[in-house]
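Numbered according to this note's numbering, the sequence shown spans residues 27 to 200. Using N, Cα and C, we set each Cβ at its ideal position, and we do this for glycine too. Inspection log for the structure reproduced underneath, given as structure tokens.
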Amino acid sequence: MKRYLPIIFFLVLFISLLKSLFQDEMDIPSPLIGKNMPSFSLTRLGENTTVTDQDILGEVALINVWATWCVGCKEEHQLLLSLAEEPSIKLPIIGINWKDQDQLAIQWLDELGNPYQEILSDPIGNTAIDFGVYGAPESFLIDRDGFIRYKHIGPLTLPIWINEIQPLIEELKQ
27 MKRYLPIIFF LVLFISLLKS LFQDEMDIPS PLIGKNMPSF SLTRLGENTT VTDQDILGEV
87 ALINVWATWC VGCKEEHQLL LSLAEEPSIK LPIIGINWKD QDQLAIQWLD ELGNPYQEIL
147 SDPIGNTAID FGVYGAPESF LIDRDGFIRY KHIGPLTLPI WINEIQPLIE ELKQ
């Protein structure tokens, strides 16, 4: 038995390494879940007025970090439009345009439609960094008190919405 211990140890180590290499990036947990969203003050896209984290408090909201150069953002855009137009959902969608040019973002929204109730500009990316964003799109569900309750990395899809986000929204609104 003793002579098999090194082989068993090596196999366990090898399997653990393989598992970590192929872990789905969408399943990476965020250390911010259950904590207050980071403080921020961003200008509205194309305007000189600002919105802060305090302006979002009071209702459950979805913060979506996106960019015009992001392929996944274009993939999820139609779903976001559908959610914004659905009267039964009643969920503010806050867009944070990340590392982008305001004019390109305005043009993109004019062409594809605007699902956002607020569109904020984060051209340098500091606010996104505070949220732990390392790629667009990323979405965060924020409760009434400003706590991050859910994070999704990558494009939102209808199954993710139905199975993960919508039940959590219903729970948070109670």
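message: Between which two residues does the alpha helix (DSSP H) holding residue 132 run?
response: 128-138
- request: Could you have a look at residue 191 and say whether DSSP puts it in helix, strand or coil?
  value: helix
Nearest candidate by alpha-carbon position, reference residue 13, set 178, 96, 95, 72: Nothing can be reported for residue 13, as the shown portion of the chain is limited to 27 through 200.
task: From the DSSP output, in three-state form, read off residue 68 for me.
output: strand
- prompt: I think residue 119 touches residue 88, with their Cβ atoms under 8 Å apart; what is that distance to the nearest whole Å?
  reply: 5 Å
field: Beta-carbon proximity list for residue 85, same chain, < 8 Å, skipping 5 on both sides
entry: 118, 170
message: Let's test the definition: count the other Cβ atoms within 10 Å of the Cβ of residue 75 and tell me whether it reaches 16, buried, or not, exposed.
response: exposed
message: By the three-class DSSP mapping on this structure, what secondary structure does residue 97 have?
response: helix
field: For residue 127 and residue 182, the rounded distance between their alpha carbons
entry: 23 Å
query: Buried or exposed: residue 142, going by 16 or more other Cβ atoms within 10 Å of its Cβ?
result: buried
query: Whose C-alpha, out of 196, 121, 193, is nearest the C-alpha of residue 107?
result: 121
field: contact_flag[the segment 96-103, the segment 128-148] where n(CB pairs < 8 Å) is 3 or more
entry: yes
- request: Could you spell out where the beta strand (DSSP E) holding residue 119 opens and where it closes?
  value: 119-124
- request: Check residue 108 in the structure and name its three-state DSSP category.
  value: helix
- prompt: Looking at the unbroken beta strand (DSSP E) that takes in residue 154, where does it start and where does it end?
  reply: Unbroken run through residue 154 is the alpha helix (DSSP H), 152-156; no beta strand (DSSP E).
- prompt: Rounded to a whole number of angstroms, what is the C-alpha to C-alpha distance between residue 168 and residue 78?
  reply: 14 Å
For residue 81, the three-state DSSP class (helix, strand or coil): helix
- prompt: Can you name, in chain order, every residue of its own chain whose Cβ lies under 6 Å from the Cβ of residue 162, other than the five neighbours on each side?
  reply: 91, 92, 93, 96, 99, 124
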